[in-house]
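One structure is given below, encoded as structure tokens.
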Amino acid sequence: MTPALVLPEEMRSELKEPMGEVSPEVDEERLTGRVVAVGDMVTYHLLGAGVVPDVAVVDGRTEREDVDEEVVERWSRMEVTALVENEPGTVSDALVDALGDAYAEGGLVEVEGEEDLAVLPAVALASEGDTVIYGQPGEGIVYVEVDDDSRGYVLDLLSRMDGDGEFLSGLRNS
Numbered sequence: 001m002t003p004a005l006v007l008p009e010e011m012r013s014e015l016k017e018p019m020g021e022v023s024p025e026v027d028e029e030r031l032t033g034r035v036v037a038v039g040d041m042v043t044y045h046l047l048g049a050g051v052v053p054d055v056a057v058v059d060g061r062t063e064r065e066d067v068d069e070e071v072v073e074r075w076s077r078m079e080v081t082a083l084v085e086n087e088p089g090t091v092s093d094a095l096v097d098a099l100g101d102a103y104a105e106g107g108l109v110e111v112e113g114e115e116d117l118a119v120l121p122a123v124a125l126a127s128e129g130d131t132v133i134y135g136q137p138g139e140g141i142v143y144v145e146v147d148d149d150s151r152g153y154v155l156d157l158l159s160r161m162d163g164d165g166e167f168l169s170g171l172r173n174s
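Counting from 1, one number per residue, gives the positions in the sequence shown under full-length UniProt numbering.
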């Protein structure tokens with residue numbers, strides 16, 4: 001599988017900063033519109049708080065380690081809408097396609113490889129007013145309220161990645 005976009009080494013530091021407000025726990029007051037969870041632990045904690053995300057993206061790992069069976073058991077109750085490959089440090093066309101389908105139908109996208117960069121197309125594909133949440137190691141849960149600024153930011157990041165993600169032109173026009 002050839003990735004559509006590859007994160008260049010010089011951009012890695014840009015992604016270490018949270019893209020939104022950070023909270024140590026699930027804060028339901030910050031969840032507006034459709035809720036999109038990127039990451040196993042974020043999805044686990046959302047479900048534990050009684051919030052079922054409209055879309056979730058998981059890979060069975062957290063901080064490069066396999067998650068506990070309890071974590072997998074909790075998110076495996078959601079309907080898996082796609083199983084896709086996505087290499088570490090990349091955004092594959094298959095991942096973007098699966099996210100687009102999940103936005104239309106809801107459900108869980110299970111990634112073989114790594115889902116860390118899935119937050120970028122997740123924000124780019126989301127509608128105004130949706131909330132995309134992801135984990136920030138050592139800090140907590142990041143809440144990204146989708147608006148023109150957050151979409152513009154991730155589209156800029158995606159456009160500077162190496163590769164020729166054909167999906168980018170479609171994202172710019174949505």
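Just so you know, even glycine gets a beta-carbon here, dropped at the ideal spot from N, CA and C.
Query                                                                                                       : Result
Contact under 7 Å by Cβ, Arg-74 with Leu-46                                                                 : no
Boundaries (first-last residue) of the alpha helix (DSSP H) holding Ser-127                                 : Ser-127 -> no alpha helix (DSSP H), and no H or E assigned at all.
Rounded straight-line distance, which links the Cα of Val-154 to that of Arg-30                             : 20 Å
Residue-chain proximity (Val-119, chain B), Cβ-Cβ < 7 Å                                                     : Of the chains in the structure shown, none is chain B; there is only one protein chain.
Supposed close pair Asp-19, Val-146 - CB separation, criterion 8 Å                                          : First, the amino acid is wrong: residue 19 is Met here, not Asp. Contact flag wrong, Cβ pair sits at about 10 Å.
Proximal residues to Asp-164 (C-beta, below 6 Å), its chain only, five neighbours per side dropped          : none
C-beta contact flag for Ile-133 and Ala-49 at 7 Å                                                           : no
Cα-Cα separation between Glu-14 and Ser-159, rounded to whole angstroms                                     : 14 Å
Rounded straight-line distance, which links the Cα of Val-6 to that of Asp-162                              : 5 Å
Contact set for Pro-24: own chain, Cβ-Cβ below 6 Å, skip 5 residues either direction                        : Gly-140
Residue ranges of each alpha helix (DSSP H) within the region 74-109, 4 or longer                           : 93-105
Of the residues Thr-32, Val-42, Asp-101, Asp-54, the one placed nearest Arg-61, counting alpha carbons only : Val-42
Per-residue DSSP class, three states only, for Asp-156                                                      : helix
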